[in-house]
Amino acid sequence: MVGSDVARRNQYPYMVRSNFKFHCGGSLISGNEILTAAHCFNDIAILTLEHPVKFSASISPVCLPPDGSADSYDGRLVYAKGWGHTKEKGTASDFLRHVTKIVVPTETCQRVFKSFEYQDHMMCAYEHGKGTCQGDSGGPLVAWLVVKSTGPKCKYEQVGIVSWGIGCARSGYPGVFMRVTSFLPWIKMNTQW
1 MVGSDVARRN
11 QYPYMVRSNF
21 KFHCGGSLIS
31 GNEILTAAHC
41 FNDIAILTLE
51 HPVKFSASIS
61 PVCLPPDGSA
71 DSYDGRLVYA
81 KGWGHTKEKG
91 TASDFLRHVT
101 KIVVPTETCQ
111 RVFKSFEYQD
121 HMMCAYEHGK
131 GTCQGDSGGP
141 LVAWLVVKST
151 GPKCKYEQVG
161 IVSWGIGCAR
171 SGYPGVFMRV
181 TSFLPWIKMN
191 TQW
């Protein structure tokens, strides 16, 4: 996370970190399921834990958007989190970090990334000097919950998954995230959610 702040202990109890060869983040969506980016492991994936985690004040699932949620979050404040590099060509953070960004309209993302394959199941978020970096992939992009959720005690809903970008927090280039609402039917079909 470039331009980020260190998160408070237990501030994001749904955050998960892998310690494999490639460091990636993820979000706990149930007692034994983690939502992450597929490129971290074999661009959206669900990992099933062998043993469910025990929920507590420091471990709880993130809420997913309720059925019928708006697919557009344009202009909304969102929050990305991760343990990735704190600068381009830097090193990973030992502490969970977070940045605030604003969701950019799809048309703007398509224009910025015209030479890349920007697709409808993607979304962009930007804030000058702040962004995701290597090692943040798979982590959640969340927004304050506007519509009542089906989940327990939800303050945030996960609207995106850290996917890719041009460098790390480069001026004029938003970060690209997988749009969770595009995958809700698939998530429901493949989880206990």
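Residue numbering for the sequence shown is 1 to 193, as defined by UniProt numbering.
Think of the CB as a built atom: it goes at the ideal place given N, C-alpha and C, for glycine as much as any other residue.
*So, residue 26 versus residue 129, is the Cβ gap smaller than 7 Å?*
Indexing the sequence shown from 1 puts residue 26 at position 26. Indexing the sequence shown from 1 puts residue 129 at position 129. Not in contact: residue 26 and residue 129 (Cβ atoms no closer than 7 Å).
*Does the beta-carbon of residue 72 have 16 or more other beta-carbons within 10 angstroms, so that it is buried, or is it exposed?*
As a first step, residue 72 is located in the sequence shown; it is residue number 72 there, counting from the start. Under this definition residue 72 is an exposed residue.
*asked:* Tell me the residue span of the beta strand (DSSP E) that contains residue 161.
replied: As a position in the sequence shown, residue 161 is number 161, starting the count at 1. It spans 156-164 - the beta strand (DSSP E) in which residue 161 sits, taken as one unbroken run.
*If you run the structure through DSSP and keep just helix, strand and coil, what is residue 180?*
Here residue 180 refers to the residue found at position 180 of the sequence shown. Residue 180: helix per DSSP, three-state reduction.
_Could you check whether the Cβ of residue 65 sits closer than 7 Å to any Cβ belonging to chain C?_
Given the protein chain composition of this structure (a single chain), no chain C is represented.
*Leaving aside the five residues before and after residue 139 along the sequence, list all residues of the same chain whose C-beta is less than 6 Å from its C-beta, in chain order.*
One-based indexing of the sequence shown puts residue 139 at position 139. 25, 81, 82, 162, listed in sequence order.
*Determine which residues share a DSSP beta bridge with residue 196 and list them.*
Because residue 196 is not part of the residues shown, which for the chain are 1 to 193, the question remains open.
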